[in-house]
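Residue numbering for the sequence shown follows full-length UniProt numbering, beginning at 1 and increasing consecutively. Just so you know, even glycine gets a beta-carbon here, dropped at the ideal spot from N, CA and C.
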Amino acid sequence: RCSPCEGPGPKVCADDKIMTIDSVTSAQTLQGCTEIRGNLLINIRRGNNIASELEDFLGLIETVTGYVKIRHSHALVSLSFLKNLRYINGEEQLDGNYSFYVLDNQNLQQLWDWSHHNLTIKEGKMYFAFNPKLCVSEIYQMEEVTGTKDRQSKGDINPRNNGEK
């Protein structure tokens, strides 16, 4: 016997491609998606107060089957707009072994509020470089939560160029 779903039902998007989000407009194409079958690349260089709009369009995503890469996204202060992201499966990885890759985000200060957010990275490592406002303690907390703590090597999370400002 079936019972009605709470909220919207599952919606699979992307079909083994790289979904590139470089503006609020491109984020709109993923509105309502709960699973990205493929990879999510976020590259948002400019925009003001876009977090709430991004949450409207990307906030239902629960699973990314491949990797998540966030680079040159100077408009982002936090990743909390991906408020339902629970699983990064890492079925496809970047440079061979990264499933969460965060590079050169000048204003990124927070990943998620870990007291209210659970995220599992099933396969692959994390990489963080050139995120001057992102404290390394925030990254270490993500390692604990996501189950990746023993996967990274020293060069994957550089304390010299993350959180130095």
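By the 16-neighbour rule on beta-carbons within 10 angstroms, residue 25 is exposed. Rounded to whole angstroms, the separation of the alpha carbons of residue 149 and residue 164 is 22 Å. Between residue 18 and the set 37, 12, 27, the nearest pair of CA atoms involves 37. Taking the Cβ atoms as the reference, residue 61 lies roughly 7 Å from residue 30, within the contact range of under 8 Å.
Sorting 127, 46, 117 by C-alpha distance to the C-alpha of residue 96 places 127 at the top.
Ranked by how close their Cα comes to the Cα of residue 92, the residues 68, 21, 120, 82 have 68 in first place.
One thing to note: residue 41 has its Cβ no nearer than 8 Å to the Cβ of residue 63. Distances from the CA of residue 162 to each of 146, 138, 144 were compared; the closest alpha carbon is that of 138.
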